[in-house]
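Visitor: Chains as they are written, first to last, in this note's numbering: chain R, 71 to 540; chain A, 5 to 430. Questions regarding the structure given below will be posed in turn.
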Amino acid sequence: MRTRLTAGLGLALFSLAAPSAPAASRFVQDPYPSTYAAIASAPVLIRNATVLTGTGARLEQTDVLLRDGRIAAVGTALAAPAGTREVDARGKWVTPGIIDVHSHLGVYPSPGVSAHSDGNEMTAPVTANVWAEHSVWPQDPGFAAALAGGVTSMQVLPGSANLVGGRGVTLKNVPATTYQAMKFPGAPWGLKMACGENPKRVYGGGKGVAPGTRMGNVAGYRAAFIDASEYLAKNAPKKPAKKKRWFGGDDKGDSAGDAGGKRDLKLDTLAGAIQGDIRVHIHCYRADEMATMLDLSKEFGFKIAAFHHAVEAYKLSDRLAAEGVCGALWADWWGFKMEAFDGIQDNIALVDRPPNSCAIVHSDSPEGIQRLNQEAAKVIANARRAGIQIAPERAMMWLSYNAARALGVEKQTGSLEAGKMGDVVVWNGSPFSSYAQAEQVYIDGHQVYERGDARRQPLSDFMLGQEAQP
Amino acid sequence: MSRSSGIPSRCRAWLGATLLLAVLPAQAQDLLVRNATVHTASARGSLEHTDVLVQGGIIRAVGTGLSAPAGASVVEAAGKPLTPALFGGITDIGIDEVSGESTTVDSALKLADQPLRPEFDVSLAYNPASVLIPVARLDGIGFTALGANSGGGFIAGQGGVVRLDGSADPIGPLALYIRLGASGAELTGSSRAAQWMLLEQMVSEARGRVPADSPHALLTPAGRATLARYLAGQGRLVVQVDRAADIRQLLRWATREKLKIAIAGGAEAWRLAPQLAQANVPVFVDALGNLPSSFDQLGATLENAARLRAAGVQVSFAQRDDASHNARKMRQLAGNAVANGLPWQDGLAGLTRVPAQVLGVGDRIGSIEVGKLADLVLWEGDPLDVGHYAEQVWLGGRAMPMRSRQTELRDRYLAPATAEPRAYSR
Chain R
71 MRTRLTAGLG LALFSLAAPS APAASRFVQD PYPSTYAAIA SAPVLIRNAT VLTGTGARLE
131 QTDVLLRDGR IAAVGTALAA PAGTREVDAR GKWVTPGIID VHSHLGVYPS PGVSAHSDGN
191 EMTAPVTANV WAEHSVWPQD PGFAAALAGG VTSMQVLPGS ANLVGGRGVT LKNVPATTYQ
251 AMKFPGAPWG LKMACGENPK RVYGGGKGVA PGTRMGNVAG YRAAFIDASE YLAKNAPKKP
311 AKKKRWFGGD DKGDSAGDAG GKRDLKLDTL AGAIQGDIRV HIHCYRADEM ATMLDLSKEF
371 GFKIAAFHHA VEAYKLSDRL AAEGVCGALW ADWWGFKMEA FDGIQDNIAL VDRPPNSCAI
431 VHSDSPEGIQ RLNQEAAKVI ANARRAGIQI APERAMMWLS YNAARALGVE KQTGSLEAGK
491 MGDVVVWNGS PFSSYAQAEQ VYIDGHQVYE RGDARRQPLS DFMLGQEAQP
Chain A
5 MSRSSGIPSR CRAWLGATLL LAVLPAQAQD LLVRNATVHT ASARGSLEHT DVLVQGGIIR
65 AVGTGLSAPA GASVVEAAGK PLTPALFGGI TDIGIDEVSG ESTTVDSALK LADQPLRPEF
125 DVSLAYNPAS VLIPVARLDG IGFTALGANS GGGFIAGQGG VVRLDGSADP IGPLALYIRL
185 GASGAELTGS SRAAQWMLLE QMVSEARGRV PADSPHALLT PAGRATLARY LAGQGRLVVQ
245 VDRAADIRQL LRWATREKLK IAIAGGAEAW RLAPQLAQAN VPVFVDALGN LPSSFDQLGA
305 TLENAARLRA AGVQVSFAQR DDASHNARKM RQLAGNAVAN GLPWQDGLAG LTRVPAQVLG
365 VGDRIGSIEV GKLADLVLWE GDPLDVGHYA EQVWLGGRAM PMRSRQTELR DRYLAPATAE
425 PRAYSR
C-alpha cells in the first residue's frame, strides 16, 4: 500500500537535484532556490497498459514501474518489489506527464482580479531584470485544473507586452504554499522575448515611447544585447596578470575573478542568455519576424530555444528544424490580430515534418493547458484530412519530450525511460480524443491526482470553504 | 426579410419561405446520401444504415432503400455519421474579421451620449464574404447567432441567425443581447444593482409609463419600440450572466415581465437548475469553463451542462473568448460536456436542434427531418470528438467547397519547395 513518509525522509532517499551541475556562472546564481521535495511513496507498478513513451514509441501490454520517485522500468511482466501497489491498466493508456512550455498560471491566476494581475511588467520595454517566479501565486486554482489534464510540469513566463519580458521559471505542478516548493530542481530559467504587435502597441501606441514600430522593436533588442555583451566582457574572468616579481604578494585580488562592477539584474539575465545558461523563448507570430530573430541571435551569439505561438512557423519549418529551434504552437488559434491572420490548423503537423524537428503543443491559456492532449488530437485529425498520417506515439512527443527539450529538462523528465522522474499519467483510453480523461497522475512517483476521488485532488486555499463550491 | 421589426409572427414563416427561394439558387442539387448513420437530432434519434434524400434543397425522405431521382448526386456514406450542420455559437462571424483591427470589427456600439440602444442590430454589418465563414464551415458549422457585444452599454443590441452558405441576410427573428453581473457593472455605474434599476426604467419607458419627452428617458423612440416587441413576446433576450445570485434576480424579472429569455455562459446556472427548467429557460453553456475566472464564476464546473440537462433544462453551447475565429471549437465543448456526464444525444442536440429552436429557426434547420433545409454534414468519425473531421458539408442541399483560406495556405506550404517562390502557387 501507499506509504507516505515525511518529505524530509523522502529527500534522504533520493535526490532530485540536477546531476553534478557545474558551479553556476554569476549570472545564474539562485538566491531563491528550489525547496521542492518529492513525497516518498511505495513503489507503483502500472500493469498491462498501452504505453506511449514520449520518445516516439508505442508499447502494448506494457508495465511501468515507479520506485523511489523514478521510473524504474518499462517492460512486460515486470516483477513487483515488496510493498508495491499495483494498478491494473488494461485498456488504459499511459504516457509521460504533459509539459506546457507556455503558461501564465500563478502570474495571471483565477480569479482574474486586478490585485493578481502580475504577468506583465509594462513599465519599460526591456525588463530582463524581472523574474516571473516572483509573481507566482501558488494558490491559483488553475494549477489543480491543469493537473487534472495530466500536466506535471510547466514553464511560467512573463507576458508579451515587452521586448524582453523577464525570466520564466519551470515548476513541477504540485500543490504548495510557496513557489520555491514547486520550482523544478535544476531547470534552467527561460528568457521571455516578444516580437511584433504587442510591444509596439503597448509602448508606441499606448505610452508614446519607443518602440512604436517593428523596426523600433529590433532596435530595442539590439540595444539591450549590446549592453549585455559589454557587461559580459567586463565581467568575464580575466587572465591572471603577469606577476611582477618585485611587487611580491599574490594575485588573489578582485581582478583575478569577476572584475565587473556593480551587478545589474537586467544585464545578468541577458548575459546568462548569451552564455546559454538561460534559454531564450520568443513570442513571435510571423515567419519573416522569426527570421529576423534568428539573425539577431547570431549577431549576439545566443541560441533560441523556441518560438512561441508562431502561427506562421509552417512557412519556415525546414529552417527551424535545421537550426534546432522548437516551435511551441497552438492547434487552431488564429485571426484575433493581424499577425495571427495566417494561422492554419496544420501548423504543428507541418513543423513536425522535417528531420530533427521539434514541434510542441503549448497553451498560453488556463483552459488550454487542461486539454493539451485534445489540441494534439485536433492536429492529428487535420493532418489526416490533408493526407498526413501521424501516429499517437509521434504526437505524444509534442506534449512531453519536445517540451522538455525546449526547457532543458529532457534528461530529467518528458519520457518514460528508466531513471527519469516518475512523472506519469494513466488515461482512460487514447489521450487523443474529446473523451480522454486523466485518471491518475504521478509526479516523482507519488500519486497526486485520482479522478473520482475528491480526496486525491488538490484544492487551493482560495477555493476552500467557498459557498459556491462546484 | 423576416427580421422581427414589427412583423406579426404569423407572417414570418411566409417571409422566411420567400427568403428561402431567394437564397437557394438553381444549383441546389438533388442528393441522396446512402447508408449513413443518421443522427437526426429529432425524436427519431440515431438511425443506422439509413438514406437521406434531398430535393430542391429540402430533405424529402429519411429511410432505407431510397432510390435516387434522375440527376441526383449519390454519396455512399458507408456507415459514417451524418448530422445536421452544426451551430457555431453566439459569434461575430462576418462582423469581426481581425479582432485587433477596429476597422474590421462591427460587433459593439459605443455611443457616449446615449449608450442604451436596444434597436442596434449587428446583422446590418454582416459580411457574407468574410474569410471566417469557410473556415468555420470546413469543420461542419452551418449556422451561427450574431451576438452584439456590449461596448458602451450593458444592453448590447440585437443580432440575427445566419446560415453560412454565403447568403447575405439573417433568417428568423432577432435576439436582444444583454450582459449582467460583474462584467456589465462597469457599464452601469459600477454596481450590478443598477442593472435592475436601469432595466426597470427601460421597461417603464417601453410600456409607455414614462413620457416620451421625459428628460430622464434612457431610450430613443426606436429603442422603446424595440424593447416593446420583446416585452410582447416577440424574440428572445439572450442574457450573458454567470453568478447564481444574478440568475435568480433575472428569473424573477423575466417572470414578472413575461419575457422570453435564454442564458449565455451561466457558469453557476447549475445551482438553479430546477428553477431554470421550471421557467423553461435554455442555457448556452461554456462547457470548457471550469475555472473560477471571476468572482461570478466560483461555482464553475465541467458538469454544468450535464447537471442542467438532468434537471430538464434545454442545453446548448457558447464560448467566451474568441468565439468567432474559433467557432469550430464548439464541438469540443459538446464532446467535453459528454465526457463529463451529458448524454451524447443531448450533446449533439445542443449543437443542432436546441439552438435552432431557441433562436426561432427550428422550423427550418437543426434536425434531419422531412421538410427541413438540407443543411447536413458527413463526418469521418464521431462529430463530438476533435479526433475526427468533417468530410463534406451541404447547405440547402448544395455541396460546400471543403476549402478555406487556411487550406489554401496549407497547400501552398505543404508542397515541396521549388526554385519558384511560393507566391506563384495557388
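Ideal placement from N, C-alpha and C gives every residue a C-beta, glycine not left out.
For V319/A and chain R, any beta-carbon pair shorter than 8 Å?
Guide: For the purposes of this step, residue 319/A is identified with residue 315 of the second sequence, where counting begins at 1. Answer no: the Cβ-Cβ gap between V319/A and chain R never drops below 8 Å.
Visitor: Looking only at C-alpha atoms, which of R368/A, R247/A and G93/A sits nearest to Q336/A?
Guide: Here residue 336/A corresponds to residue number 332 of the second sequence, with the count starting at 1. Selected option, being the one with the closest Cα: G93/A.
Visitor: Taking only runs of the beta strand (DSSP E) that begin and end inside the stretch 186-241 of chain R, which ones reach a length of at least 3 residues, in chain order?
Guide: For the stretch 186-241 of chain R, whole beta strand (DSSP E) runs of length 3 or above, ordered along the chain, are 221-226.
Visitor: Can you find a C-beta in chain R that's less than 8 Å from the C-beta of R414/A?
Guide: If you number the second sequence from 1, residue 414/A lands on position 410. Yes, R414/A counts as interfacial toward chain R.
Visitor: Report the three-state DSSP secondary structure of E272/A (helix, strand or coil).
Guide: As a first step, residue 272/A must be located in the second sequence, where it is residue number 268. E272/A: coil per DSSP, three-state reduction.
Visitor: Applying the criterion that 16 or more other CB atoms from any shown protein chain within 10 Å of the CB defines a buried residue, is A427/A buried or exposed?
Guide: As a first step, residue 427/A is located in the second sequence; it is residue number 423 there, counting from the start. Classification of A427/A: exposed, given that the 10 Å Cβ count is below 16.
Visitor: Hey, does G339/A have any beta-carbon neighbour from chain R nearer than 8 Å?
Guide: Position 335 of the second sequence holds residue 339/A. Interface residue, yes.
Visitor: Excluding five sequence neighbours on each side, which residues of the same chain lie with their C-beta closer than 8 Å to the C-beta of F411/R?
Guide: If you number the first sequence from 1, residue 411/R lands on position 341. Once the five neighbours on either side are set aside, the close Cβ partners of F411/R are W404 and G405.
Visitor: For the stretch 264-285 of chain R, list every residue whose C-beta sits within 8 Å of some C-beta in chain A, in sequence order.
Guide: Within the stretch 264-285 of chain R, the residues whose Cβ lies closer than 8 Å to some Cβ of chain A are E267, listed in chain order.
Visitor: In chain order, which alpha helix (DSSP H) runs of at least 4 residues are fully inside the stretch 452-525 of chain R?
Guide: Counting whole runs of 4 or more residues, the stretch 452-525 of chain R contains the alpha helix (DSSP H) stretches 462-469 and 471-477.
Visitor: Over the uninterrupted alpha helix (DSSP H) stretch that includes T283/R, give me the two end residues.
Guide: By 1-based counting over the first sequence, the position of residue 283/R is 213. Run containing T283/R: none; DSSP gives neither H nor E here.
Visitor: Considering only DSSP beta bridges, list what M263/R is partnered with.
Guide: For the purposes of this step, residue 263/R is taken as residue 193 along the first sequence, with counting starting at 1. M263/R pairs with V234/R and I352/R.
Visitor: Extract the residue ranges of the alpha helix (DSSP H) inside the stretch 60-131 of chain A, only unbroken runs of 4 or more that lie entirely within it.
Guide: Those alpha helix (DSSP H) runs which fall completely within the stretch 60-131 of chain A and span 4+ residues do not exist here.
Visitor: What is the C-beta distance between A283/A and R311/A, in whole angstroms, given that I count them as a contact (C-beta under 8 Å)?
Guide: As a working mapping, residue 283/A is identified with position 279 in the second sequence. As a working mapping, residue 311/A is identified with position 307 in the second sequence. Actually they do not touch by this definition, with Cβ atoms about 16 Å apart.
Visitor: Give me the chain R residues within the contact set of Q410/A, using Cβ-Cβ distance strictly less than 7 Å, ordered along the chain.
Guide: The residue given as residue 410/A occupies position 406 in the second sequence. Near Q410/A (Cβ distances below 7 Å), the residues of chain R are I414 and Q415.
Visitor: What is the C-beta distance between R558/R and P113/R, in whole angstroms, given that I count them as a contact (C-beta under 8 Å)?
Guide: One cannot answer for residue 558/R here, as it falls past the ends of chain R, which runs 71 to 540.
Visitor: Could you pull the start and end residues of the alpha helix (DSSP H) that T42/R belongs to?
Guide: In the structure as shown, chain R begins at 71 and stops at 540. Residue 42/R is therefore absent and cannot be evaluated.
Visitor: Please check if any C-beta of chain A sits within less than 8 Å of the C-beta of G522/R.
Guide: Numbered from 1 along the first sequence, position 452 holds the residue referred to as residue 522/R. Closer than 8 Å: no.
Visitor: Considering only C-alpha positions, which residue in the set A215/R, Q209/R, P258/R and A506/R is nearest to L227/R?
Guide: Taking the first sequence and counting its residues from 1, the one referred to as residue 227/R is at position 157. Cα-wise, what sits closest to L227/R is P258/R.
Visitor: Is there a C-beta anywhere in chain A that falls below 8 Å from the one on G220/R?
Guide: Mapped onto the first sequence, residue 220/R falls at position 150. Not closer than 8 Å to any Cβ of chain A, the Cβ of G220/R fails to qualify, so no.
Visitor: Residues in the same chain with beta-carbon distance under 7 Å from R247/A, minus the five sequence neighbours each way, listed in chain order, please.
Guide: The residue you call residue 247/A lines up with position 243 of the second sequence. G185, E272 and D300, listed in sequence order.
Visitor: Apart from the five residues just before and just after P179/R, which ones in its own chain have a Cβ nearer than 7 Å to its Cβ?
Guide: Counted from its first residue, the first sequence places residue 179/R at position 109. These residues qualify, in order along the chain: H186, W207, D210 and G212.
Visitor: Taking the alpha-carbon positions, what's the R407/A to A401/R distance?
Guide: Sequence index remark: in the second sequence, residue 407/A carries index 403 (1-based). Sequence index remark: in the first sequence, residue 401/R carries index 331 (1-based). R407/A and A401/R: Cα-Cα distance of roughly 18 Å.
Visitor: Compute the Euclidean distance between the alpha carbons of I513/R and Y505/R, then round it to the nearest angstrom.
Guide: For the purposes of this step, residue 513/R is taken as the residue at position 443 of the first sequence. For the purposes of this step, residue 505/R is taken as the residue at position 435 of the first sequence. Using only the alpha carbons, I get a separation of about 23 Å.
Visitor: Among the candidates R233/A, D350/A, A140/A and A210/A, whose CA atom is the shortest distance from the CA of E49/A?
Guide: Here residue 49/A refers to the residue found at position 45 when the second sequence is read from its first residue. A small correction: the amino acid at residue 49/A is Gly; Glu does not occupy that position in the sequence shown. Measuring from the Cα of G49/A, the nearest candidate turns out to be D350/A.
Visitor: Could you tell me which uninterrupted alpha helix (DSSP H) segments, each at least 4 residues in length, are contained entirely in the stretch 137-207 of chain A, listed from first to last along the chain?
Guide: DSSP runs (the alpha helix (DSSP H)) wholly in the stretch 137-207 of chain A: 186-189.
Visitor: Got a sec: is the Cβ-Cβ distance from G392/A to anything in chain R below 8 Å?
Guide: As a working mapping, residue 392/A is identified with position 388 in the second sequence. Note on identity: in this sequence residue 392/A is His, with Gly being the wrong assignment. Yes - at least one Cβ of chain R is within 8 Å of the one on H392/A.
Visitor: Just checking: is the beta-carbon of W403/R within a distance shorter than 8 Å of some beta-carbon in chain A?
Guide: If you number the first sequence from 1, residue 403/R lands on position 333. Taking Cβ atoms only, chain A reaches closer than 8 Å to W403/R, which makes this a yes.
Visitor: Any beta carbon from chain A within less than 8 Å of L390/R's own beta carbon?
Guide: Within the first sequence, residue 390/R is the residue found at index 320, counting from 1. Judged by the 8 Å Cβ criterion, L390/R is not in contact with chain A.
Visitor: Report the start-end ranges of each beta strand (DSSP E) in the stretch 283-342 of chain A that is 3 residues or longer and not cut off at the edges.
Guide: Qualifying beta strand (DSSP E) stretches, in chain order: 287-289 and 319-321.
Visitor: If you run the structure through DSSP and keep just helix, strand and coil, what is R260/A?
Guide: Counting from 1 along the second sequence, the entry for residue 260/A is found at position 256. Residue state, collapsed to three classes: helix.
Visitor: Per DSSP, Q250/R forms a beta bridge with which residues?
Guide: Start at 1 with the first residue of the first sequence, and residue 250/R comes out as number 180. Its beta-bridge partners do not exist; DSSP assigns none.
Visitor: Secondary structure at V58/A, three-state DSSP: helix, strand or coil?
Guide: In the second sequence, residue 58/A corresponds to position 54, counting from 1. Strand.
Visitor: If you draw a straight line from the C-alpha of A189/A to the C-alpha of I99/A, how long is it?
Guide: By 1-based counting over the second sequence, the position of residue 189/A is 185. By 1-based counting over the second sequence, the position of residue 99/A is 95. The straight-line gap from Cα to Cα measures roughly 25 Å.
Visitor: Among M263/R, V381/R, R333/R and G331/R, which residue has its Cα nearest to the Cα of S367/R?
Guide: Translated into positions along the first sequence, residue 367/R becomes position 297. Looking at the Cα atoms, M263/R is the closest of the given residues.
Visitor: Cα separation between I348/R and V221/R?
Guide: Taking the first sequence and counting its residues from 1, one reaches residue 348/R at position 278. Taking the first sequence and counting its residues from 1, one reaches residue 221/R at position 151. Roughly 23 Å separates the two Cα atoms.
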